[in-house]
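To keep things clear, I will list the structure first and then write my remarks on it.
Protein chains: 4
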Amino acid sequence: MIIVLKPNATEEQAKEILSRIESAGLKPLYMPGVERIVLGALGDERVLQQLHLDAYPCVENVKPILTKYKMVSREVQAHDTVVRFGNAAVGGNKFAVIAGPCSVESEAQLMAVAEVVKQHGAVALRGGAYKPRTSPYDFQGMGVEGLKLLHKANQQLGLPTVSEVMEVGQVDTMCEYVDCLQIGARNMQNYALLKAVGESKKPVLLKRGLSATIEELLLAAEYIYDAGNPNIILCERGIRTYETATRNTLDLNAVAYLKQRTHLPVVVDPSHGTGVRELVIPLSRAAAAVGADGIIVESHLNPCEALSDGHQALTGPMFEQLMQELKPFVEAAGRTL
Amino acid sequence: MIIVLKPNATEEQAKEILSRIESAGLKPLYMPGVERIVLGALGDERVLQQLHLDAYPCVENVKPILTKYKMVSREVQAHDTVVRFGNAAVGGNKFAVIAGPCSVESEAQLMAVAEVVKQHGAVALRGGAYKPRTSPYDFQGMGVEGLKLLHKANQQLGLPTVSEVMEVGQVDTMCEYVDCLQIGARNMQNYALLKAVGESKKPVLLKRGLSATIEELLLAAEYIYDAGNPNIILCERGIRTYETATRNTLDLNAVAYLKQRTHLPVVVDPSHGTGVRELVIPLSRAAAAVGADGIIVESHLNPCEALSDGHQALTGPMFEQLMQELKPFVEAAGRTL
Amino acid sequence: MIIVLKPNATEEQAKEILSRIESAGLKPLYMPGVERIVLGALGDERVLQQLHLDAYPCVENVKPILTKYKMVSREVQAHDTVVRFGNAAVGGNKFAVIAGPCSVESEAQLMAVAEVVKQHGAVALRGGAYKPRTSPYDFQGMGVEGLKLLHKANQQLGLPTVSEVMEVGQVDTMCEYVDCLQIGARNMQNYALLKAVGESKKPVLLKRGLSATIEELLLAAEYIYDAGNPNIILCERGIRTYETATRNTLDLNAVAYLKQRTHLPVVVDPSHGTGVRELVIPLSRAAAAVGADGIIVESHLNPCEALSDGHQALTGPMFEQLMQELKPFVEAAGRTL
Amino acid sequence: MIIVLKPNATEEQAKEILSRIESAGLKPLYMPGVERIVLGALGDERVLQQLHLDAYPCVENVKPILTKYKMVSREVQAHDTVVRFGNAAVGGNKFAVIAGPCSVESEAQLMAVAEVVKQHGAVALRGGAYKPRTSPYDFQGMGVEGLKLLHKANQQLGLPTVSEVMEVGQVDTMCEYVDCLQIGARNMQNYALLKAVGESKKPVLLKRGLSATIEELLLAAEYIYDAGNPNIILCERGIRTYETATRNTLDLNAVAYLKQRTHLPVVVDPSHGTGVRELVIPLSRAAAAVGADGIIVESHLNPCEALSDGHQALTGPMFEQLMQELKPFVEAAGRTL
C-alpha cells in the first residue's frame, strides 16, 4: 500500500502514520520526495485496510497494490473451475448455452420453448419465477407456481434449470425446485443474499451489477466463496452507460479480463446486454470468440405475447439460427457446442 | 403511447397492432408518414405497457408519454409531504440536518458524537449497525448491539435515529430500535425489501442507487408508497460516473428536478456524494441553495480511528463549521436551520 | 415528431403550436389524452427541428420519429460501401487489418514494424505524425518528418498509410503524404475539420468520440458525406465508462448496430478499446465475430522504447499470433484475411 | 511514481527497470513484498512519464504520485487569479454573471437581450457566431457578421463579449471583434486550438469537455498556459452520464474541487449543465453557494423563435428573477453581485 501525503504534510505526521503501520505488524517505508512525502507499507493489505489511513487529514490518497479479492483469483487457483448442475457443465470444453423465457408464464409456454431450445442444443433452461421489475405495476412473476413448472420441465426433458432468487427468504424453496440460483444484476451487492446462497452450496449464476466494476463483481463472488460455496458462474450482462441506442453496453473487455484474473467460469447474457433482438446473434458470436464459457439467452415462441422483455427474446427459428451461427465460432475458439 | 414502425412495415401489420390497442379499451391512432408509419394509443399507459408492443418485429420503438410513477407525483398531490419521526420533520420549513458516524462502533464513540451534533443543531442521528461492504473482509457492523446503542442515544438525548436496513429479515428488529429506516443505494431496487419497509409504515429514507435514473428512484418510492407507506424521504447521494477525482458525482440537477416532480421531501448526502472531507461543506451549502429539504452527513470525533469511511467524516470542529456556514444559505433559501 | 404538452397546457396553446406546424408545410395532429395533450407533426423532421418547438413553455418534451442522419443510412443506400485506398479495401469480403506504431518515431522504427505487419498480412500501415496528447509535456509527434517517413514506407513496401489529422491547416499536407486521413476520437465533433476532410475527398477513418453516441458518430459522418466525401470508414475504439480496469469499454454492440443502420464500413480499434496488451487478441477475435469489416491495431517491435502507448502495443511475435488466431474467426464470419 | 510488477516478475526484471530509472537521473526504490515486487522512483514525474515503464511486460501498473499539471496548480501559485476583459473581472470579489443568447441571430435580437441582461447586472455578453452543431442540417451561426454585431453591442452598451472560437483559422478574426474567446466542450482537447488561443494572449473561457475528467480539464488549461496565456477561466458545464431526465449532469463537486486545486477562476454554465429552463435558477443558486466565481447563462427574449437551444434559455423576466434570487446566495458566499 502506498500512502501519498499532502504537500504541506510534516515529517512528524509521517512518523505517526509509519508507527501505526509498524504496530500493525507491517513493514513501513519512508520515501521523501521533492514535492511530496510518500509512505509505503509492505505486507497483507487486508490488514492495512483496517487501518483506514485515508482518514488522516495529512493523507492525500492511498493506493492499494493488491486486489481485495483472493479466493476467486487465479493466483490462488490457476486452473479453471468447472461448475456442474444436472448434466450441464459450465467452464469446460463445451460452450454452454442456457436458454428459455424471461418469465415463466404458463405450463404450455414453458414446455413448448423448453423443447425447442433443448432440441437445438441448449444445456440448461432459464426462466424467472420471481421477477424484479422497475415498476410496481409490472408483472411480478408466478412465484412458487413458476418454480414448480421449472421443476416439471427438468423432470420431463432432463434439462437442468436456472432461476433468479430475489431474497433470503426464498433461498430454501428455490433450492428445492431449481438447479442453479441466479443472482440478478440489481442484487449483486445484496450481501445478505450473497451470504445465503453461499451457505446453500447450490451452483450460483452471479450477474454483474448495472454499474458494478469488474473488481466489485469479483468481490461479490468472494462473498459467496467465503460463505462456503465455490460453485460460482460469473455473468457479464451489459453495463449502464450514456449510450441509449442499446439497452445496456455489453462489456466484452470484462470477459477477456475476467478469464485472465479468475478461475471461475464466465458466461455472457446478450439479451440484456443489448436489449435488441436483432443484436443477440452477432453478440453471441462475439462472446464465443472473446473466450466466454457460454451464453444465457432469452427465447420465447411468441414474443408478442410475452409478459416481459419480449422485445429482446429470440423466436424459435431465431434460436435455431443462433445455434447454427454459433457453431463455427465456438469451434474456432477450440470448443464444442 | 407512440409506436414507431420500421421503414418496411406494412399497413396490415399496423392494423394488427391497432386492433390490439382497441381491444385493450384504448383509443388507437393511425399516422402514416412519408418515411414511417406511426401509431398512437391514447388512454392509461399502465394498461398499454402490459401489451408489450415493443415485442412486435415490425415495431422500431415505443415512446411512452406518461411517467410510470403516479402516487409520488405532484400531479396526484400538489403540496409538499412532511415526514416526521420523533421530533424531527423533513420537508417543512426547517432545513433538516441528520448527522452521525458511518458505523456505530461503541457506546462511547456514538454518545460522544451524538452530543456534539445535537449541540450544534442536528435534528436526527445517523449510524449504521448493519453495513453493506464491498469486500467480505471489511467490518460488517455491530448488528443488533449497534441498534441498541442507537436506541439508547435517542433516549438519552432525544435525538431520533436513522439506520440502514439491509434485508427483509431485519425489518421488525429495526422498527423496534430506530425511528427511520434507511434503504441504501445498493438496495434501491431490492423490491422485496421495498415492499417490507412499505408494509412496516415506518418513515423510510430511500437512497438513490449508484446508477439509478431519477425515474427509477421515483418508481422505487412508488413501490414503498404502493405497499401502504407514504412516509418517504428521497436521498440524492451521488451517482457513478467516469470521474475518479471524487468518489461519486453529486447530482444536484436531480434535486431541483425532483422538487418539481414529486411531493416527497429530498435530502442530500454530501459525504458519500463527494467522498472527500474537504468537499462536504461547500456541497452542503449548494444543497441548501438548490432547494433540498436537508442533508445527511457523516461525522466522527476521531476519523483516523473510524472503522469505515473515515476519509469523508467531519470532525467535531468541522461539523460546527458546517452548521455555521450553512446558516446564511439556508436563510437565503427561505428556511431555518 | 411527437410533441407532449405539460399537464396544465391549454387548448389554445396547443392550437398555436399546431398552426406553426401547419405554416411550415407539415401535417399537424391533435391528440387530446386523459392526462396530457399530445401533438403530432408529419413530414420532413429536418424542417420541424428548425421550429424548435421544445422552446415553448407549455411543451414538456419533443420526441423525434426519424433519425437526423440520412445519407449514411441504409435507408438511402442498402448495399455496403467499400472504401479503397492504395490496394487496400475496407468493407468488402476481405477482413482488413491495419497495423503499425502509435507514433512514427524514426525511419528505422517505422520500416522495421511495417515490414513485420506486412509480412503477416496487414493491408495498411498506421502511424501518428501529429499526436493529440492529454499533457503538453508529452511527446507531440514528429510532424511533417513523420509524414514523409510514412510516404517512404508506402513506396518501399506498397502498404498504403493511415495517419491522424488534427487541424484544418494540416489537411493539404496530409493529403500529399498519406492515403487515408484519420479523425481521432477527440476531434469527432471538430466540425471545421470534418468539413475540411469532406472537401478533400480523401478516404477518412472516423473514430468515435470518447463519449459520443452512435447517432452522434453517424452525424459526424454525415458532415463529411455532406461536404462531398462518401469514402468514410467508421471506427469503434471504446467509450468512456466508470470501469477503470480497462482504459476504455469497447462497445461491440455499436458495431452490430452500425452494420444494420449504415452502409459505411466499420472497423474496431482493440488497442485503444482495451488499453491492455493482453486483451488485444481476444477482442480482435470478437470484432471479427460481431461483423466488423476490419481492425486497426497498434504494434511496436520494442514497446518498452515506444514514445507513446507502449503498454497497449503488440510486439512482432504477438502480431503474428494475432493474425493466426484471427484466421478461423474471420473465416467463420464468411470472410478472408 | 510507483511501479507494481506482475506476480511472476523476477528480481532480474526489476533490476532492469531500476537501472532505467537511475539512468534517467531519478532515485530508484526496491520494495519486495510477499505477493508482489513494488518499485518506486523519486523525482520529477514528468521525466518519468517519458520512460513509459507501463510498456514493460512484467509491469502490472504504474501509479503516478504527482499530478501532470503544474502551472495552473495552487502549489505553484497560491493566490487566486483574476481574469479581466473590458470592465469585467472574473475571480475576484464580485460574482460575475455572463449572459446572452445561444446564437447571435440578428442585430435586433442581440441588442434587445443585451440591454436587458445589462440592466439587471450582467457583466459580460455571451453569444455564438460560429456554432458547433451535432447535425450538419442545423443552423451553423452567422459567422463574421455575428462577430461584428457582438462588437457593436459592446461599443453601444459597454458590455464586453464572450464568443466561441471553433478553429485555429478563426482566432485572429475573433480577437479583433470579441473580448474573451470561448473554447467549447467539444474542442477542449483540440490541442492545435488550445495552442493558438494560448499564443493569442486573449482571455479564454475554457469549457470542460463532455466527458473530460477534472485532471484533463486542468491539463487543457495547462496547454494554454504553457503557450504563454495565463488568462484562463475554467467552466463547468455538465458532464455526460447515463441520466436522461436532464441534458447533462452538472458536476458541482468539480467546482469545489477545482477551487482547492487551481488558482484559476471557475464559472458554471447552468443552461447547458441542465438543459432545462426551469432548472437554471436553482442550479445558479447552487453554483454561487458551492464557491463558483460566476455563471454563464443563456437568455433570449423570445425563446420560441430562437434558432438554437431555446428550450434552456431564460426569458427577460426569468433573467430578472435569476438575479434577484441569486443575490442572497452570492452575499452568503461573501461576495457581491
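Chains as they are written, first to last, in full-length UniProt numbering: chain A, 1 to 337; chain B, 1 to 337; chain C, 1 to 337; chain D, 1 to 337. Every residue, glycine too, gets a C-beta built ideally from N, C-alpha and C.
For A:N253, the uninterrupted alpha helix (DSSP H) run begins and ends at 252 to 261, by DSSP. Under the Cβ criterion of 9 Å, C:R237 is not counted among the residues facing chain B. Per DSSP, reduced to three states, the secondary structure at C:Y225 is helical. Within chain A, the residues S211 have their CB atoms less than 8 Å from the CB of B:R240, given in chain order.
Residue environment analysis places A:E164 among the buried positions, since at least 16 neighbouring C-beta atoms fall within 10 angstroms of its C-beta. For the 9 Å CB-CB criterion, C:K259 and A:P282 form a contact. By the beta-carbon neighbour count (other beta carbons within 10 angstroms, threshold 16), C:K195 is buried.
Looking only at D:S23, D:G91, D:V72, D:V59, the smallest Cα-Cα distance to D:T336 is reached by D:G91.
None of the residues of the region 308 to 321 of chain B has a beta carbon lying less than 9 Å from any beta carbon of chain D. Taking the C-beta atoms as reference points, C:Y137 is found no nearer than 9 Å to C:T161. Among the residues of chain A, those whose CB is under 8 Å from the CB of D:M31 are L29, G40, L42, following chain order. Under the DSSP assignment, C:P282 falls in the alpha helix (DSSP H) whose first and last residues are 277 to 290. Counting only residues of its own chain and dropping the five nearest sequence neighbours on each side, D:R20 has a CB closer than 8 Å to the CB of L51, L53.
Contact check for C:G294 against C:P265 passes: the beta carbons are separated by less than 9 Å. Taking C-beta atoms under 8 Å as the contact rule, C:G121 and C:Y130 fail to qualify, at a distance of about 28 Å. A direct Cα-Cα distance of roughly 27 Å separates B:A41 from C:E215. Contact with chain B is absent for D:D293, since none of that chain's Cβ atoms lies less than 9 Å from the residue's Cβ.
Ranked by Cα distance from C:N302, the options C:G316, C:M1, C:L66 are led by C:G316. In the DSSP annotation of this structure, the continuous segment of the alpha helix (DSSP H) that includes B:I21 starts and ends at 11 to 23.
As for any beta strand (DSSP E) of minimum length 3 sitting wholly inside the region 154 to 189 of chain B, the runs are 161 to 164, 180 to 183, ordered along the chain. Annotated three-state conformation of A:Y56 is coil, per DSSP. A:L234 has A:L206, A:V266 as its beta-bridge partners, per DSSP. Residues of the region 175 to 207 of chain D whose Cβ lies closer than 8 Å to any Cβ of chain C, in chain order: R186, N187, Q189, N190, Y191, A192, L193. According to the DSSP assignment, A:E298 belongs to the beta strand (DSSP E) that extends over 294 to 298. Boundaries cannot be given for D:M71, as no alpha helix (DSSP H) includes it and DSSP labels it neither H nor E. Residues are counted here when their Cβ sits less than 8 Å from a Cβ of chain D; for the region 265 to 287 of chain B these are G273, T274, V276, E278, L279, P282, L283, R285, A286, A287, given in chain order.
Sorting D:I233, D:L205, D:R237, D:G198 by C-alpha distance to the C-alpha of D:S211 places D:R237 at the top.
Counting C-beta pairs closer than 8 Å gives three or more between the region 248 to 258 of chain B and the region 272 to 287 of chain D, which meets the contact rule. Secondary structure of C:G128 (DSSP, three-state): strand. In the structure shown, C:V83 falls within a strand segment according to DSSP collapsed to helix, strand and coil. Of the candidates C:V330, C:A313, C:L48, the residue whose Cα lies closest to the Cα of D:F139 is C:L48. When only Cα atoms are considered, D:E167 and B:G184 end up about 47 Å apart. Taking 8 Å as the upper bound for CB-CB distance, B:I232 and B:V267 are not in contact here, some 11 Å apart. When DSSP states are grouped into helix, strand and coil, D:G273 belongs to the helix group. Non-local beta-carbon contacts of D:A227 in its own chain, meaning distances under 6 Å to residues more than five positions away in sequence, involve K195, G198, E199 in chain order.
About 5 Å separates the beta carbon of D:R186 from that of D:P132, a gap short enough to meet the 8 Å contact definition.
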